[in-house]
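Below: the structure, in structure tokens.
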Amino acid sequence: MPPPDSFTSDTFGFNDGREAGLRDYIFSRADVETTLRNNPQAIIDAISAYTSQKGMITLGRVKINKCTDLLARLDPSPKTLVELGCYVGMSALAWGDALKKLNATTTSDQSQIPSQIPSGGASPCKVFTTELHKTFASIARDLIALAGLDDTVTVLEGPAKESLRALKATGQIDTVDVMFFDHWKDAYLPDLQACEDLGIFRKGSLILADNTDIPGTPDFNRYLEDSSTGQNKGRSGYQYHVERHETEAEMGLPMSSACPEKKNVKNWWEVSNYRNSGSPGSQFSI
Numbered sequence: 013m014p015p016p017d018s019f020t021s022d023t024f025g026f027n028d029g030r031e032a033g034l035r036d037y038i039f040s041r042a043d044v045e046t047t048l049r050n051n052p053q054a055i056i057d058a059i060s061a062y063t064s065q066k067g068m069i070t071l072g073r074v075k076i077n078k079c080t081d082l083l084a085r086l087d088p089s090p091k092t093l094v095e096l097g098c099y100v101g102m103s104a105l106a107w108g109d110a111l112k113k114l115n116a117t118t119t120s121d122q123s124q125i126p127s128q129i130p131s132g133g134a135s136p137c138k139v140f141t142t143e144l145h146k147t148f149a150s151i152a153r154d155l156i157a158l159a160g161l162d163d164t165v166t167v168l169e170g171p172a173k174e175s176l177r178a179l180k181a182t183g184q185i186d187t188v189d190v191m192f193f194d195h196w197k198d199a200y201l202p203d204l205q206a207c208e209d210l211g212i213f214r215k216g217s218l219i220l221a222d223n224t225d226i227p228g229t230p231d232f233n234r235y236l237e238d239s240s241t242g243q244n245k246g247r248s249g250y251q252y253h254v255e256r257h258e259t260e261a262e263m264g265l266p267m268s269s270a271c272p273e274k275k276n277v278k279n280w281w282e283v284s285n286y287r288n289s290g291s292p293g294s295q296f297s298i
């Protein structure tokens, strides 16, 4: 994602009419009601078909599948995810759909139902996604509503750091199960540190970050990698376990992963085993 207020027609293909064209394409399809309505995966496939033809940069099916596989490994299943960098909402659709599916009640023990589904039938899962650009945020909201995920996914308009502070201050989040970085690359490290300062990470949280090699986030990478080797413990005492996940996405962009935890906790490599210890930490994936 380019820096704030620098969207131009030649900046990674942003804000030149293709985003509005995507909305027109989706809602003008003959199968919008029969196939796309309340079907997040069908909408993701439709977005992919359009963006691949128009050269738009979205997360892509390969990375979405890899990320949702990482979410599925978390135990218990994640219920709260914050995404920094919504764009047209393709990845937000994937997160909302994945969290709802992972938290679907499968047990026959009816005593578990109240803890899974709050009174009133509200979704037990929450995805908050931030977007600087007003038009992009509007397009994302329309697609999220079409998918039937507007009870789960909320688009927050404005700078990511301000949205994080507001979410925390209003009690909409305390700690998160998953955090996804996919906005302006120079903001990765300061926004990671803002999350540390706000106490948003806890042990067992999964942090995802895209495009850390291309276009690259060297300061963010170094901060995490130094922590993983014990050279620093983060501003709030976090230590991160870092892994890399190579994908065969359209542009060949890599993914990888890492884990932070508090300095007073041993066996940080197995941080996911300490989710309820009361000491913040997270598992991180780029």
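When we follow my numbering, the leftmost residue of the sequence shown carries the number 13, and every step to the right adds one.
Note that beta-carbon positions come from the ideal geometry of N, C-alpha and C, so glycine has one too.
Residue range of the alpha helix (DSSP H) that S64 falls in? 52–66
Relative to the C-alpha of Y62, which candidate in D163, N115, R41 has its C-alpha closest? R41
Sort I219, Q251, F26, I151 by Cα distance to T92 and report the nearest one. I219
Determine whether the Cβ of F232 lies closer than 8 Å to any Cβ atom of chain C. Although the question refers to chain C, the structure presented lacks it and comprises just one protein chain.
Taking DSSP as the reference, what is the three-state secondary structure of K275? For K275, the predicted model reports a pLDDT of 31, less than 50, meaning its position is unreliable; a value from the coordinates is still stated below. Reduced to three states, the DSSP call for K275 is coil.
C-alpha gap between E262 and K78, whole angstroms: A caution first: E262 carries a pLDDT of 40, below 50, which makes its placement in the model too unreliable to give a value.
Identify the continuous alpha helix (DSSP H) that holds Y200 and give its terminal residues. 200–210
Over the uninterrupted beta strand (DSSP E) stretch that includes L168, give me the two end residues. 165–169
Excluding the five sequence neighbours on either side, which residues of its own chain have a C-beta within less than 7 Å of the C-beta of G160, listed in chain order? N50
So, for T80: in the same chain, excluding its five sequence neighbours on each side, which residues have a beta-carbon less than 7 Å away from its beta-carbon? A106, A110
For A32, collect the residues of the same chain with a Cβ closer than 8 Å to its Cβ; drop the 5 residues on either side in sequence, then sort them by chain order. T147, I151
Can the beta-carbon of A319 be found less than 8 Å from the beta-carbon of E169? Residue 319 is absent from the structure shown; the chain starts at 13 and stops at 298.
Alpha carbon to alpha carbon, how far is L65 from Q205? Here residue 65 is Gln; the residue named in the question, Leu, does not match the sequence. Spanning the two alpha carbons is a distance of roughly 37 Å.
Simplified DSSP assignment, three categories, for K138: strand
Assuming contact is defined by CB atoms lying nearer than 8 Å, are S240 and Y252 in contact in what I supplied? yes
With DSSP collapsed to three states, give me the class of T229. coil
Under the three-state reduction of DSSP, which class applies to I185: helix, strand or coil? coil
Coil, strand or helix - A159 by DSSP: coil
Taking the C-alpha atoms as reference points, what is the distance between S127 and V94? The predicted model places S127 with a pLDDT of 28, which falls under 50 and marks its position as unreliable, so this point remains unresolved.
What does DSSP give as the partner residue(s) for T92 in the beta ladder? K138
Apply the 10 Å Cβ neighbour rule to F39 and answer buried if 16 or more other Cβ atoms are within range, or exposed otherwise. exposed
Count Cβ pairs between the region 164–181 and the region 223–235 that sit closer than 8 Å; are there 3 or more? no
Helix, strand or coil for V190, going by three-state DSSP, please let me know. strand
Could you give the distance in angstroms between the alpha-carbon of D154 and the alpha-carbon of D36? 11 Å
Could you tell me the distance, in whole angstroms, from the CA atom of L114 to the CA atom of S89? 6 Å
Counted within 10 angstroms of its Cβ, other Cβ atoms place E45 as buried (16 or more) or exposed: exposed
Which value, in whole angstroms, describes the spacing of the CA atoms of V165 and G211? 22 Å
R177 Cβ short of 7 Å to the ligand ZN heavy atom set: Looking for the ligand ZN in the displayed structure turns up nothing, as the structure carries no ligands at all.
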